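Residue numbers (the working numbering): -2 to 881.
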DNA sequence: GCGAGGGC
DNA sequence: GCCCTCGC
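Below, the structure written as structure tokens:
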């Protein structure tokens, strides 16, 4: 007889258990996955422990079953399936399919009955069966060959019931279980049983009389109270018996050979698990702990279930092979290119995948031979080239004087667009998530594998972009922008190094003076830069009042110090010290350290795949936060100079772009009108909020109104506004209410955006850039409010990003076509900075103004202010220069 | 990792 | 609301 083991899983029972045992988990896209995660983990563990030869999972189908027809109250007190659970069933079925596990379901029957039928068949075939469920009724199936694995509490505690265990637990044999339930009932399924007869009594009766029928035959032997109860509820007991009896002959084809447990489709499973963000399960399959450095060893028993992705490739050993490569590239629409190397040292190795073949370069023994071929390929306008992080490829090629003319796809940028709030940016992760393959991390095969994977990813990612309606955004904005950003980084900003050093020295002297004074006032030396030491001095030694606390101690931030300023003269000096050390360390010294020795310029990195809203970010150094508000800091801008003595700096910034976008998207007539008439928008808001005529708006009112306008754009909270303009919460609330009362279009817009965001799970910008907002569904109110503010802010901030990106692409195209020497060198969210020969100024002004103001057509004008000067500090409006 | 502070 | 960098 066969010793094979069959596992039959009650899908619904385990899914419900998992749902209630695990708190709501969501993916970064807001998909709820807790039940799917818990179920999959349970299943994995059971399969691991039992190593079965056969596996089946059953599900209920349809709410009406033959039991409901017999007894309308059956399971009537069961609540409807929670909205968070329902959509997890298709996910679970996808997972089971990927695991190659047979699923049974049949309309009108509960999972129990399918289990019963399968068990009957298994018994006939002499299989050992293990039923996995949380439903006690299944215990009636226990036999010498059939056991039940029952969930106890949570999902990790499982009890195994064989005949002995049933006896031990209930004092009955499994074949008495139906009668037992007929007597005790089951409140969760609304099975009545015999009221007043509990488990203890039922077991005693069954021990003595063996069955329900025999109990009724011997009623006269029973004590009066029991007898009466049984007589009175006889019909009910018999009905209960029918209801709890598991059907073992359901009209369904059960072919146990179909249940043979084969190995899963690991690639599909990896795609699913990575998409669902089941990180521990991914680790289980790929046998890695996810650490990039590979320092942490795998546990010995953890055999990776999938091999790393391998692809056959041709190493180019002879120069003649290069001709073959060139020929094939010519005949291929879209090749992928992977480069090893750095921007500083150039390309050290390359791989090219055409779809038919993967080529590995360089030519053995001839380290530079291939560069000419690389040049021919990259600069061929006909060759469409796919990269992962095309901008870094452009940098590396730039080292060899090679251009990348036709970037046809960028898997990193595409993956960012699909989920900018938490994108997978590493090719390894993108491959896992979209192809279900594991990339080799090192070794000779790594490069060709990457090339092949990029080539395979392009259609998959393109399809996903299309599904999210972001194909145009990708091809018309983000992809062409890669080249523009590369050019900006490569050009860099010229810096007056000597000027920077002088500023650093001067700041150093003033910091030293202040340090001496502060130490004297404190009566001891201490590290002013250490919030811990500073806190001790201020709040313990000098006993100043504690205004705010942080997680780790006293808060000493600027708002706290400002409130303490009048209590002790040391405080103002600390504020000054803070300001000066920030300027010296971050700006004077920080910038000086990043001047490129060869070019004398600062080459920031403009990140295209970092922000959740679609903005760019700047790093090493961050040139998007060079001081401007305070005069002292603003002087830093003097060191940013043109790269040639005949050049000037030109800046062009959008005036109030975010508020204009808000006016446009909200369609608020008053707001739109104000911009169309060229009114001062903050003055107008002040007039609305304070209910005074435009000409009666004071400077203070305007400044408060300005804060309100910012607040609206940021997704206002009265708390934030009150803090910013230093008024009470109630006062702030009044301003906001007034604002909404006077600008109903804005109010409606905000409500609409939040509603749509909650409905769809994401928000979009004017060019359909998408951001998922899982925070909107958080059970935590604070997190939820945060999500709501992001829902308001993202369409505005992101649309501004869309617009300036469009302008940048058009400007660069014009500069190129007109062969101008002017260069765009920086973007600061609503501002572009150029380094241009003075002679090209008039033409540049015309191009920049035109491209920026007409980047997109809105219901309000886009207005750009242009300034020029000998450095970034001294830029002045061009009109003024005419008059001067 | 946190607090602080610079920008839009 | 969105970032980056510094010093501890």
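Even for Gly, the Cβ is constructed at its ideal location relative to N, Cα and C.
Every value quoted in this text rests on a predicted model; they were computed, and no experiment measured them.
Note to self: For residue 558 and residue 842, I'd like the C-alpha separation in whole angstroms.
What the structure shows: 45 Å
Notebook entry, point to check: Taking contact to mean at least 3 C-beta pairs separated by less than 8 Å, is the stretch 684 to 703 in contact with the stretch 730 to 745?
Noted result: yes
Margin query: Which of the three DSSP states is assigned to residue 703 in this structure?
Written below: helix
Notebook entry, point to check: With DSSP run on the structure shown, which of helix, strand or coil describes residue 853?
Noted result: coil
Notebook entry, point to check: By Cβ distance below 7 Å, which residues in the same chain neighbour residue 667 in space, the five residues on each side in sequence not counted?
Noted result: 740
Item checked: Residue ranges of each alpha helix (DSSP H) within the stretch 658 to 714, 4 or longer -> 666 to 673, 678 to 687, 696 to 710
Note to self: With DSSP as the reference, identify every bridge partner of residue 256, one or two as the case may be.
What the structure shows: For residue 256, which the question treats as bridged, DSSP gives no partner whatsoever.
Item checked: Whole-angstrom distance between residue 720 and residue 697, CA atom to CA atom -> 16 Å
Notebook entry, point to check: Between the stretch 459 to 466 and the stretch 608 to 618, are three or more C-beta pairs nearer than 8 Å?
Noted result: no
Note to self: Would the stretch 419 to 433 count as touching the stretch 316 to 333 if we require 3 or more Cβ pairs under 8 Å?
What the structure shows: No contact exists between the stretch 419 to 433 and the stretch 316 to 333.
Next item on the list: Tell whether a beta-carbon distance below 9 Å holds between residue 444 and residue 370.
Entry: no
Next item on the list: Would you kindly check if the distance between the Cβ of residue 350 and the Cβ of residue 448 is under 9 Å?
Entry: yes
Notebook entry, point to check: Whole alpha helix (DSSP H) runs in the stretch 411 to 495 with 4 or more residues, listed along the chain?
Noted result: Within the stretch 411 to 495, the complete alpha helix (DSSP H) segments at least 4 residues long are 424 to 432, 443 to 464, 476 to 488, listed from N- to C-terminus.
Next item on the list: Ignore the nearest five residues each way along the sequence and tell me which others in residue 598's own chain have a CB closer than 8 Å to its CB.
Entry: For residue 598, the CB contacts under 8 Å within the same chain, skipping 5 residues up- and downstream, are 488, 489, 490, 491, 492, 592, 640 in chain order.
Checklist line | Range of the contiguous beta strand (DSSP E) that encloses residue 650 | finding: 644 to 651
Next item on the list: Verify whether the separation of the beta carbon atoms of residue 129 and residue 11 is less than 9 Å.
Entry: yes
Margin query: Buried or exposed for residue 37, going by 16 or more other Cβ atoms inside 10 Å?
Written below: Residue 37 should be labelled buried.
Notebook entry, point to check: Over what stretch of residues does the alpha helix (DSSP H) that includes residue 212 continue unbroken?
Noted result: It spans 209 to 214 - the alpha helix (DSSP H) in which residue 212 sits, taken as one unbroken run.
Note to self: Less than 9 Å between the C-beta atoms of residue 183 and residue 134, yes or no?
What the structure shows: yes
Item checked: Nearest neighbour of residue 4, chosen from 74, 253, 228 [CA to CA] -> Taking only the C-alpha atoms, the option nearest residue 4 is 253.
Notebook entry, point to check: So which of 830, 267, 556 has the shortest CA-CA distance to residue 575?
Noted result: 556
Item checked: Spatial neighbours of residue 887 in its chain, beta-carbon cut-off 7 Å, leaving aside the 5 residues before and after -> The requested residue 887 is not part of the displayed model; the chain covers only -2 to 881.
Margin query: On the criterion of 16 or more Cβ atoms from any shown chain inside 10 Å, does residue 898 qualify as buried, or is it exposed?
Written below: Nothing can be reported for residue 898: it is not among the residues displayed for the chain, which extend from -2 to 881.
Check: Mind checking residue 513: buried by the 16 CB within 10 Å criterion, or exposed?
Finding: exposed
Item checked: Close-in-space but distant-in-sequence residues of the same chain around residue 681 (CB under 6 Å, 5 per side omitted) -> 671
Margin query: I believe residue 355 touches residue 649 by the beta-carbon criterion, under 8 Å. Please report the beta-carbon distance rounded to the nearest angstrom.
Written below: Between residue 649 and residue 355 the Cβ distance is about 45 Å, and since that is not below 8 Å, they are no contact.
Notebook entry, point to check: If we call anything under 9 Å between Cβ atoms a contact, is residue 625 one with residue 659?
Noted result: no
Item checked: Range of the contiguous beta strand (DSSP E) that encloses residue 861 -> 861 to 866
Notebook entry, point to check: Roughly how many angstroms separate the alpha carbons of residue 835 and residue 634, rounded to a whole number?
Noted result: 19 Å
Margin query: Rounded to the nearest angstrom, what separates residue 844 and residue 811 at their Cα positions?
Written below: Going by C-alpha positions, residue 844 is about 7 Å away from residue 811.
Item checked: Extent of the continuous beta strand (DSSP E) run through residue 781 -> Premise fails: residue 781 lies in the alpha helix (DSSP H), 778 to 814, not in any beta strand (DSSP E).
Checklist line | Helix, strand or coil at residue 17 according to DSSP, with G and I counted as helix | finding: Looking at residue 17 - three-state DSSP - the assignment turns out to be helix.
Checklist line | Residue span of the beta strand (DSSP E) that contains residue 333, given as start and end | finding: Element bounds for residue 333: 332 to 339.
Margin query: Between which residues of its own chain and residue 711 is the CB-CB distance below 8 Å, once the five residues before and five after are set aside?
Written below: Taken in chain order, the residues that qualify are 717, 786, 789, 790.
Note to self: In chain order, what are the residue ranges of uninterrupted alpha helix (DSSP H) at least 4 long that sit wholly in the stretch 539 to 583?
What the structure shows: 555 to 561, 566 to 579
Notebook entry, point to check: Alpha carbon to alpha carbon, how far is residue 294 from residue 301?
Noted result: For residue 294, the pLDDT reaches just 41, beneath the cut-off of 50, and the residue's location in the model is therefore unreliable, leaving the point undetermined.
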